[in-house]
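Residue numbers (our numbering): 195 to 845.
Note that beta-carbon positions come from the ideal geometry of N, C-alpha and C, so glycine has one too.
All values reported here derive from a predicted model rather than from experimental measurement.
Some notes on the structure that comes next.
Given below as structure tokens:
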């Protein structure tokens, strides 16, 4: 959850948001799957998230939020088999003690690369289900006794074709789908309407390139677009003809199979996709490599252009330009000094609107090396304690006759700054003027956008928030309270296998976002883009959705919880899942479907302010409301042993 900063009293100290320990190991762009058992409907689970060799992998209630249930399905080295690698720690699904006996426990173990008890074959069990067969023993994954209980033993057993031995592959998250041409499956002309053609095109960081597989309950999947969450990829007019084109259309739960897709993994790491109504394969006609080539269906012919790759959609792809956040080579990032530190750099992406000496940054947080006393980071990478006296110290700032601490540096002063460990921290970024923040012996008073007399009311500012501790860096951009200007937030690690970026798309301009906001949100939300313009777009609770305002009862009739509690995640909406479900308008759906991203914001009332930020964000990840991290939708980055943190200021 992200706390709402500006509903606090003016002198509330920003001490109380400490981000958690890392949820993941460093990941690359390989796809992850959940293995769902046909008999129980439960998932193969690394019990307790243990990272020890020999940790058992039993079945557990399916949970899309659990990293313990995510497995990379990868080809083995030099053999036509698969390995199943845990998201949690990179260990492989293995047979205990390399056993060939029926009844041997399945567990996780360091992957050796040549042990056949860690290698598996997928044997077609019909209708999208598979038997998972061990290469060493020839036995298959089996839930002991056909149990449907949590933590029931998953073992290897002689094949008996029972439902307890059948598994489906549930793709986790959203994906780019790459054709053999190197182009990516997307909606033509950024479409979202019924009938929008499906084509291949050069990859972009945009939602019309991203897809999510949702189970049809029978081993088949609907493929939903992140650009049109209620619509799926399907065959035009449910055609059964070879070379029929595909397009986008409203999802119909009773479809005859033209909206259903069967996933067939191949041992070269590629995938085949087949439509359910006629069994035809996806096909790029003739292996064409041109942009705008249609995606068609065609009888399976074994050609490479009927094979596709899945790449995770939550990992940023490259950008361009000398001021692009992607233009900084990871190898050029200086190694930070000190255990757990990170090298920090700000990039000027304002396209000449502001010079480097007009872009200010100030970092405030709690210094664990000094009894968690509040401190700011100076230009030399040292944490300096703050105090009330700092407001009147040499070089202090003054506005409207009031003195404020000068804790700021500019981009022009230094390219990289070393940041030591710091908790409950924020980086305040402003252009044209520094922010005006009062410091005290025990904390500080940040900007208050609810107060028209606040000295920052007419300052263009934004911020990121983070904790840097023994377990690594944990941080995010946020739109929980406001939007000041576009930000991108990139994080790399020392090992060189983590390099992710979140934030607004680099292609977005500030003026463009203000205009798009008015064009895309419903009428109730439009005033949020004008009430404090030109300085910021404010969140609903800071505008017409506050108590006593025109939209104060916006969610009435959909939920008995007050609109203010829903927007702030308090009171009756203090439960994260409940708060998220109401904001996303899935609260009245079956709770088991609340993790279906394609259904979010499908109807009013919904938090269309939050939806807007997802639409304009890298990989559609944004912190649009306080519990937007439910189901991994937030613009959140974390990794152990970080190396570089790059923030790009757009305009």
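Across the structure, residue 246 and residue 669 are spaced so that their CA atoms are roughly 27 angstroms apart. Residue pairing from DSSP leaves residue 522 without any beta-bridge partner. Shown here, residue 646 sits in coil according to DSSP, grouped into three states, outside any helix or strand. At least 9 angstroms separates the beta-carbon of residue 568 from that of residue 621. If the five residues before and after residue 337 are omitted, its C-beta is found closer than 7 angstroms to the C-beta atoms of 231, 233, 234, 253, 346, 348, 358, all from its own chain and listed in chain order. Between residue 302 and residue 248, the C-beta spacing is below 9 angstroms. In summary, residue 447 is exposed, with fewer than 16 beta-carbon neighbours lying within 10 Å of its beta-carbon over all protein chains present. Here residue 473 has no same chain residue with a Cβ atom under 6 angstroms from its own Cβ, once five neighbours each way along the sequence are excluded.
According to the DSSP secondary-structure assignment, residue 695 is paired through a beta bridge with 684.
With distances taken between CA atoms, residue 524 lies nearest to 538 out of 534, 538, 750, 782. The three-state reading of DSSP puts residue 805 in helix, counting H, G and I together. For residue 709, there is no enclosing beta strand (DSSP E); the residue is found in the alpha helix (DSSP H) stretching over 704 to 714. Between residue 373 and residue 478 the beta-carbon gap is near 5 angstroms, inside 8 angstroms, which marks them as a contact. Shown here for residue 264: same chain residues with a beta carbon closer than 7 angstroms to its own, the five before and five after excluded, namely 226, 228, 281, 366 in chain order.
Residue 407 and residue 418 have their C-alpha atoms some 6 angstroms from each other. Distance from the CA atom of residue 687 to the CA atom of residue 433, rounded to whole angstroms, is 49 angstroms. Counting along the chain, residue 762 sits inside the alpha helix (DSSP H) bounded by residues 757 to 762. If you look at residue 464, you'll find it isn't in any beta strand (DSSP E); DSSP assigns it neither H nor E. The Cβ atoms of residue 534 and residue 835 sit closer than 9 angstroms to each other.
Within the DSSP bridge table, the entry for residue 350 names 335 as partners. For residue 773, no beta strand (DSSP E) run applies; the uninterrupted alpha helix (DSSP H) run containing it begins and ends at 770 to 777, by DSSP. Taking all protein chains in view, the Cβ of residue 678 is crowded by 16 or more other Cβ atoms within 10 Å, so the residue is classified as buried.
Counting only residues of its own chain and dropping the five nearest sequence neighbours on each side, residue 660 has a CB closer than 6 angstroms to the CB of 619, 669.
According to the DSSP assignment, residue 717 belongs to the alpha helix (DSSP H) that extends over 717 to 720. Residue environment: residue 698 is assigned as buried (16 or more neighbouring CB atoms within 10 Å of its CB, all protein chains considered). CA-to-CA, the gap between residue 360 and residue 507 works out to about 28 angstroms. For residue 369, the uninterrupted beta strand (DSSP E) run begins and ends at 369 to 373, by DSSP.
Where residue 323 is concerned, the enclosing beta strand (DSSP E) starts and stops at 323 to 328. Residue 707 is positioned such that its CB atom lies no closer than 9 angstroms to that of residue 734. For the pair residue 798 and residue 750, the Cα-to-Cα distance works out to about 11 angstroms. In chain order, 329, 330 place their CB closer than 6 angstroms to the CB of residue 310, counting only its own chain and leaving out the 5 sequence neighbours on each side.
Distance check between residue 623 and each of 607, 413, 305, 655 places 655 closest, using alpha-carbon atoms only. Around residue 830, the same chain offers 668, 669, 670, 696, 815, 817, 823 as residues with beta carbons nearer than 8 angstroms, after the five sequence neighbours per side are excluded.
Contact between residue 316 and residue 459 holds, with the beta-carbon distance rounding to 6 angstroms and staying under 8 angstroms.
With respect to the C-alpha of residue 610, the residue from 571, 588, 466 having the closest C-alpha is 571.
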